[in-house]
Amino acid sequence: MKPNRIRKHPAKATAAALASWVLVQSISVPSIAVAQDVIPVVLHGEDNNKPYAFLDADGAPAGIYVRILQAAVDKMPQYDLRFENVPFKRGMDLLQSGQIMAFFPPYLRDDRNWVERYSVPILSETVVAICSKDYVLSHDLRVFPDDFTGARFANNAGYRLAGEDFFDMVAAGEITLEEANTTESNLRFLMAGRVDCYVNERMAILAGLRELAVDKEQSRNIDETAIIGQEFGYVAFGYDPDGAWPYRDQFADDLDDVLRQMRDTGEIDQLVVDYFTY
């Protein structure tokens with residue numbers, strides 16, 4: 135944009151007209167500059183991981199991570215945030231192939247060496263195994279996954295929450311695995327007796343049971359049998375082979391700074407509490 139210059143006005147031009155012209159220029163130029171500085175950012179998240187990241191009944195992004203990330207970017211006016219939600223496996227494939235800039239909320243895994251950077255940890259999640267009451271009463275379940283030899287497990291497609299020892303047993307035929315895309319589908323498998331056990335994050339399981347309207351009597355037929363571990367959810371950033379997101383690292387740095395502040399002030403914890411009491 136060329137610098138503003140006061141144009142030569144005819145001698146008959148009034149002082150009022152000149153003052154009006156200067157005022158219009160002083161207002162319009164900065165507003166254009168601000169609009170040009172705002173960077174549009176798209177964050178891809180899971181589409182069916184209640185209560186963390188999913189699409190609501192109207193097809194709008196929802197969940198605890200969506201609320202936290204929206205609150206964070208609201209403190210970063212240089213960015214205009216938009217969410218898009220896809221199935222977990224597809225999201226990770228898109229991230230690995232460099233088709234999207236970021237995906238949330240995967241856990242940190244060493245074998246995902248194609249993830250170039252992770253955000254600061256956002257939420258602590260507890261991964262558990264749940265099994266049918268009949269299976270629990272007929273087996274001595276002390277060590278996971280060793281004591282689950284012969285079990286039929288449900289799993290969300292693409293999830294590796296059960297750990298490498300578990301998946302080694304699956305590969306060896308010592309555990310049978312059946313996968314569906316959603317928590318609700320896998321819980322239906324478990325309650326119907328199609329599988330013996332299911333692994334997922336504890337709050338995701340509880341949200342799935344609520345979604346299916348499982349009453350207290352039905353829930354007594356399911357037992358939590360093992361705490362597999364504590365995990366943190368992150369925003370994962372893949373590589374950018376075509377230079378499509380030159381602002382990526384600056385955005386990631388800015389997001390980390392704000393997330394740390396929100397964590398230290400207790401804002402993240404409050405957003406979680408508000409979500410479940412809304």
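Just so we're on the same page, the numbering used here is the position in the sequence shown counted from 1, plus 134. The C-beta atom is built at its ideal place from N, Cα and C for all residues, glycine as well.
Item                                                                                                 : Value
Helix, strand or coil at Ile166 according to DSSP, with G and I counted as helix                     : Residue placement at Ile166 is poorly supported in this model, since its pLDDT is 33, which falls under 50; the coordinates still yield a value, given next. Ile166 falls in the helix class under three-state DSSP.
Reduced DSSP category for Leu295 - H, G, I as helix; E, B as strand; rest coil                       : coil
Same chain only: Cβ atoms within 7 Å of Cys265, ignoring 5 sequence neighbours per side              : Asp330, Cys331, Asp357, Thr359
Contact under 7 Å by Cβ, Phe237 with Leu229                                                          : yes
Gly367 versus Glu180, Val176, Val175, residue with shortest Cα-Cα distance                           : Glu180
Pairwise C-alpha distance: Arg397 and Leu405                                                         : 11 Å
Limits of the unbroken alpha helix (DSSP H) element including Ile309                                 : No alpha helix (DSSP H) contains Ile309, which DSSP labels as neither H nor E.
First and last residue of the uninterrupted beta strand (DSSP E) at Phe385                           : Where Phe385 is concerned, there is no enclosing beta strand (DSSP E), although the alpha helix (DSSP H) it sits in stretches over 382-399.
Inter-stretch contact at 8 Å, needing at least 3 Cβ pairs: the stretch 285-294 / the stretch 185-204 : no
For Leu405, the three-state DSSP class (helix, strand or coil)                                       : helix
Endpoints, alpha helix (DSSP H) assigned at Arg352                                                   : Strictly speaking, residue 352 in this sequence is Gln, with Arg absent from that position. Counting along the chain, the alpha helix (DSSP H) containing Gln352 begins and ends at 350-353.
Three-way DSSP call (helix, strand, coil) for Gln364 in this model                                   : strand
Boundaries (first-last residue) of the alpha helix (DSSP H) holding Thr317                           : 317-325
Candidates Ala326, Asp299, Val254: closest to Lys267 by CA position                                  : Ala326
Residue burial classification, Asn247 (beta-carbon count within 10 angstroms, cutoff 16)             : exposed
Beta-carbon gap between Lys209 and Val392 smaller than 7 Å                                           : yes
Proximity of Thr310 and Arg286 at Cβ, strictly below 7 Å                                             : yes
Cα-Cα separation, Ala205 to Ala306                                                                   : 45 Å
Distance between Pro380 and Asp387 (C-alpha atoms, nearest Å)                                        : 13 Å
Supposed contact pair Gly363 and His261 - C-beta distance, whole angstroms, cut 8 Å                  : Reading off the sequence shown, one finds Val at residue 261, where the question assumed His. About 5 Å separates the two Cβ atoms, so the contact holds.
Alpha-carbon to alpha-carbon, Val175 and Pro240                                                      : 19 Å
C-beta contact flag for Thr317 and Gly297 at 7 Å                                                     : no
Buried/exposed call for Glu259, threshold 16 Cβ in 10 Å                                              : buried
Which residues DSSP lists as bridging His178, in chain order                                         : Glu218, Phe237
Residue of Leu257, Phe217, Ala191, Gln212 minimising C-alpha distance to Gln384                      : Gln212
Three-state secondary structure assigned by DSSP to Leu275                                           : coil
Cβ separation of Gly372 and Gly232, assumed to be a contact under 8 Å, to the nearest whole Å        : 6 Å
Tyr409 versus Pro185: straight-line alpha-carbon distance, rounded                                   : 9 Å
Cross-strand partners of Gly284 (DSSP beta bridge)                                                   : The partner list for Gly284 (beta bridge, DSSP) is empty, contrary to what the question assumes.
Under the three-state DSSP convention, the category Asp357 falls into                                : strand
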